[in-house]
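K.L.:
Numbering (the numbering used here), first residue to last: 5 to 184.
(1) Count the other C-beta atoms from every protein chain shown that fall within 10 angstroms of the C-beta of residue 106, then say buried if there are 16 or more, exposed otherwise.
(2) Enumerate, from N- to C-terminal direction, the unbroken beta strand (DSSP E) stretches of 3 or more residues contained entirely within the region 77-116.
(3) Taking the straight line between their C-alpha atoms, what separation do you get for residue 24 and residue 13?
(4) Quick one: any contact between the region 104-118 and the region 18-33, if contact means 3 or more CB pairs under 8 Å?
(5) In or out: residue 123 buried (at least 16 other Cβ within 10 Å) or exposed?
(6) Alpha carbon to alpha carbon, how far is residue 108 from residue 131? Give it in angstroms, no decimals.
(7) Looking only at its chain, what residues have a beta carbon closer than 7 Å to the beta carbon of residue 164, apart from the 5 residues adjacent to it on each side?
(8) Let me know the secondary structure DSSP gives residue 176 once reduced to three states.
(9) Pull the bridge partners of residue 146 from the DSSP assignment, please.
(10) Given a cut-off of 8 Å, decide if residue 42 and residue 89 are closer than it, judged by their beta-carbon atoms.
(11) What does a CB cutoff of less than 7 Å around residue 74 pick up in its chain, not counting 5 residues either side in sequence?
(12) If you check the beta carbons only, do residue 139 and residue 15 fall under 8 Å apart?
(13) Rounded to a whole number of angstroms, what is the C-alpha to C-alpha distance between residue 178 and residue 48?
(14) Going by DSSP in three states, residue 58 sits in which element: helix, strand or coil?
(15) Nearest by alpha-carbon distance to residue 2: which of 61, 52 and 101 is it?
(16) Quick one: Cα of residue 156 to Cα of residue 110, how far?
(17) Return the first residue and the last residue of the beta strand (DSSP E) that residue 71 is part of.
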């Protein structure tokens, strides 16, 4: 199950259950997930220094677009926790795309919101599926280890750099590909 985390919910269920069973119980599973997520949303916390990283990037003129497959209700909870709406260029949610990671459609939607070309853009993510989606869109990826995936897996998938967490990336920002 852990290896499927980072895929969109439909693809995650298909990976775990097979297409037939995922089709049969998929909507109910998504509904239960969303209900549980919202009931426990007060437990959500941002990763250490993640909001500061977003604010620092935006302050340096980087167009930051957040991309998630979260439902509108879940996205609202995430936005409250992260509290960076005032500095992001845009947000891509599950409602904005038909296909989810590892499909590149969410990355293409983020590129459109950012108004940037793939070769001038860097995706920051924590799952192998983030790297696959970005690579298919022609975008380089910087990864953080908050997704529970090892550095070697992320590098093997194509990440150009891996940091232990958002705080480390922020501390080493000036030497990272995000700035240089």
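We put the CB at the ideal spot given by N, CA and C, even for glycine.
P.N.:
A quick look at the data gives this:
(1) buried
(2) 94-96
(3) 15 Å
(4) no
(5) exposed
(6) 14 Å
(7) 144, 145, 146 and 181
(8) coil
(9) 128 and 165
(10) no
(11) 82, 97 and 98
(12) no
(13) 29 Å
(14) helix
(15) In this structure the chain extends from 5 to 184, so residue 2 is not present and cannot be described.
(16) 24 Å
(17) 69-71
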